[in-house]
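In what follows, a structure is listed as structure tokens, so that the remarks can point back to it.
Number of protein chains: 2
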Amino acid sequence: MARPGDGEQTRSEARAWRLLFDFFMRTRPQRDRLLSRLGLTPNDARGLGGLDATEGRTMRSLAEAWDCDASNATFIVDRLESRGLVERRPNPDDRRVRSVVLTAKGVRLKRQLLEGLYAPPEELSRLKPAELEVLSTLLSRLIGQDSSDR
Amino acid sequence: MARPGDGEQTRSEARAWRLLFDFFMRTRPQRDRLLSRLGLTPNDARGLGGLDATEGRTMRSLAEAWDCDASNATFIVDRLESRGLVERRPNPDDRRVRSVVLTAKGVRLKRQLLEGLYAPPEELSRLKPAELEVLSTLLSRLIGQDSSDR
DNA sequence: TATTGTTATACTCTATAACTATA
DNA sequence: TATAGTTATAGAGTATAACAATA
């Protein structure tokens with residue numbers, strides 16, 4: 019497993035990751051404010067993230083996606099439903115199953131949420147376009163998609 | 019405010035930030051497993067993060083650091099204390115004040131926590147040392163410290 | 001009278017177990 | 001008999017308000 023020079027690679031990785039971690043953590047208050055402004059708990063936000071207006075999701079698959087218990091998924095969907103953000107639809111093929119979809123209001127709120135989360139922190143402006151390009155290329159490699167994909 | 023070419027800068031920033039955000043989010047399950055393995059709730063972890071073995075912190079300042087209510091800080095410290103991770107010490111100068119410090123056990127657990135959080139995800143190994151170096155340099159700029167600091 | 005911290009209390013979040021209705 | 005989802009219930013997390021001790 020270990021190769022000559024491996025220790026240096028490991029240290030380089032650790033240093034880069036630590037910087038990335040610290041930078042991301044520093045931007046947390048910004049996200050907390052966003053959620054508070056939109057009136058969402060962290061769970062609500064994760065809930066919206068896994069839903070859309072066209073592809074209905076079953077309660078079971080939502081519980082799995084949210085890594086929580088089925089009864090908790092019921093609770094989360096109840097919350098979103100009581101705010102008019104999602105809708106439970108019956109499934110004509112299997113009457114045990116509910117299909118959960120975003121309402122128009124839910125779609126709007128999800129869009130606001132994503133816009134807020136993806137709004138770059140002001141620190142990004144410290145880098146010039148060419149540097150941002152390099153950064154994006156390296157991060158694309160980490161995500162496993164080629165930079166030219168977008 | 020807007021300058022010619024500003025739109026391109028903004029788009030470059032947005033693209034880089036989005037990639038960084040998505041990459042970080044992808045590594046979340048890893049952190050969830052770490053906390054579960056160490057038997058810590060997210061709050062416990064944040065609690066440990068703000069404490070050390072030498073500099074005692076008052077309850078008041080901890081509530082502020084954790085962005086929570088004073089009674090909630092009491093609850094969090096109670097939890098950590100019941101696991102033998104922190105200690106409340108009286109303050110000889112002002113007998114109203116408690117000084118909260120990590121125990122030896124708390125120090126060990128905090129170290130394990132930080133080691134886990136700072137352990138680079140395997141994706142980092144996709145980059146070569148020279149690329150990791152570039153990445154670290156750019157991230158250092160975002161954090162606002164010069165790369166040569168470390 | 002003001003401040004530090006805790007306790008009493010209530011509300012939200014989450015999981016386990018029991019239940020209903022379908023299959 | 002098994003599965004999808006809900007309800008009953010209990011325990012943990014969090015905040016507001018009232019309180020005791022000290023300044």
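If you read the protein sequences in the order shown, they are chains S and C. Be aware that the first sequence starts at 19, since it is given in this note's numbering, and climbs by one per residue. Be aware that the second sequence starts at 19, since it is given in this note's numbering, and climbs by one per residue. Virtual Cβ for every residue (Gly too), placed ideally from N, Cα, C. These numbers come from a predicted model, not from an experiment.
Check                                                                                                                      : Outcome
Inter-residue CB distance, F39/S and L135/C (contact presumed, cutoff 8 Å)                                                 : 7 Å
Contact check, R107/C vs S117/C, beta carbons under 7 Å                                                                    : yes
Nearest candidate by alpha-carbon position, reference W35/S, set V119/C, A137/C, A148/C, R114/C                            : A137/C
Rounded distance between the beta-carbons of L37/S and S154/C, thought under 8 Å                                           : 6 Å
Within-7 Å CB hit, F93/S to chain C                                                                                        : no
With 16 other Cβ atoms within 10 Å as the buried cut-off, status of A63/C                                                  : buried
Nonlocal neighbours in the same chain, by C-beta distance under 7 Å from L56/S, ignoring five residues either side         : L127, Q130, L131
Cβ of R55/C within 7 Å of any chain S Cβ                                                                                   : no
Host alpha helix (DSSP H) of E105/S (start-end)                                                                            : No alpha helix (DSSP H) holds E105/S; the beta strand (DSSP E) holding it covers 104-108.
M43/C burial status per 10 Å Cβ neighbour count (16 or more: buried)                                                       : exposed
Spatial distance of G65/C from R113/C (CA atoms)                                                                           : 24 Å
Local Cβ density within 10 Å of G162/S, reported as buried at 16 or more and exposed below that                            : exposed
Min CB distance S89/C to chain S below 7 Å                                                                                 : no
Burial state of G102/C (16 or more Cβ within 10 Å)                                                                         : exposed
Contact set for T121/S: own chain, Cβ-Cβ below 8 Å, skip 5 residues either direction                                       : A71, G102, L103, V104, E105
Option nearest E31/S by Cα separation, candidates R78/C, L156/C, R49/C, E151/C                                             : E151/C
Residues, ordered as in the chain, of the stretch 25-36 of chain S that lie near chain C by beta-carbon distance below 7 Å : E26, Q27, S30, E31, A32, R33, A34, W35, R36
F93/C beta carbon less than 7 Å from that of L157/S                                                                        : no
With 16 other Cβ atoms within 10 Å as the buried cut-off, status of A81/S                                                  : buried
Simplified DSSP state of V152/S, which is helix, strand or coil                                                            : helix
Range of the contiguous beta strand (DSSP E) that encloses R116/S                                                          : 116-120
Ranges of the beta strand (DSSP E) found wholly within the stretch 51-108 of chain S, counting only runs of at least 3     : 104-108
Of the residues E149/S, V119/S, N109/S, D85/S, the one placed nearest D96/S, counting alpha carbons only                   : V119/S
Contact set between L135/C and chain S, taken where Cβ atoms lie within less than 7 Å                                      : F39
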